[in-house]
Amino acid sequence: MQARRRVLRDRALAAREALSPASRAGRVRQLETHLDQLVAALQPRVLAFCWPYRAEPDLREWVTCWLTADADRRAALPVVLEKDAPLIFRCWRPGMLLQTDRHGIPFPGEGAAVVPDVVLVPLNAFDAQGFRLGYGGGYFDRTLAIMRTVTVGVGFELGRVDSVLPQAHDRAMDWLVTEAGTFRAAEA
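Per the numbering used here, the sequence shown runs over residues -8 to 179.
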């Protein structure tokens, strides 16, 4: 089963990375419209998102706009403190000094951990039940197993598959948002 999951992940990544910058940007704009509506309904005070990696949707500008609409809002980025441990989240502000991890992904190097109300989780491959394939490290699975928060999988329709062959430890997303719309998991 691991080999089949790896094939699903690799195909989804290859398809996403093959998108032209213009096509990717257009899809992100559509996705952001749907995200506006869902996040407005969820009303988080602390919203976690991921720095874009390997052609994932770049939500930095959208998050910046979300932040500026209300001074009480906070955004957060995930931080890997140690291998095989759950993530923590630290506050992020546009323009702040960031460190980079071993994959070159920026993160806030200092600051207290915060607990997000909503976490925007990148989707490589995903299915209608809300299960996703990340990069295989299990960081989000470990984190979401102990942190009960609303999860919103964010990605492009080209990553949608019939099933990601979920494992017992996988946690389904509560919502899925793509350029095609907003879907409650299992209704997608």
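Glycine is no exception: its CB is placed at the ideal position from the N, C-alpha and C atoms.
Does the Cβ of residue 72 have 16 or more other Cβ atoms within 10 Å, making it buried, or fewer, making it exposed? exposed
Report the rounded CA-to-CA distance for residue 62 versus residue 5, giving the unit in angstroms. 39 Å
With DSSP run on the structure shown, which of helix, strand or coil describes residue 41? coil
C-beta contact flag for residue 110 and residue 176 at 8 Å: no
Is residue 7 buried or exposed, if buried means 16 or more other CB atoms sit within 10 Å of its CB? buried
Who are the Cβ neighbours of residue 134 in its own chain at under 7 Å, not counting the five residues just before and after it? 77 and 78
Assuming the contact rule is C-beta atoms closer than 8 Å, residue 58 and residue 64 should be a hit. Round their C-beta distance to whole Å, please. 5 Å
Find the nearest neighbour of residue 32 within the set 143, 85 and 170, judged by alpha-carbon distance. 143
Residue 81 - containing beta strand (DSSP E), residue span: 79 to 83
Using the C-alpha atoms, what's the distance from residue 21 back to residue 36? 24 Å
Residue environment, residue 164, which counts as buried when at least 16 other CB atoms sit within 10 Å: buried
Cα-Cα separation between residue 174 and residue 100, rounded to whole angstroms: 34 Å
Which residues DSSP lists as bridging residue 169, in chain order: 172
On the CB-based measure, 16 or more other CB atoms within 10 Å of its CB, does residue 54 come out buried or exposed? buried
Identity of the residue in 1, -6, 121 and 162 nearest residue 45 by Cα: 1
8 Å CB neighbourhood of residue 172 in its chain, flanking five on each side removed: 25
Spatial neighbours of residue 160 in its chain, beta-carbon cut-off 6 Å, leaving aside the 5 residues before and after: 132
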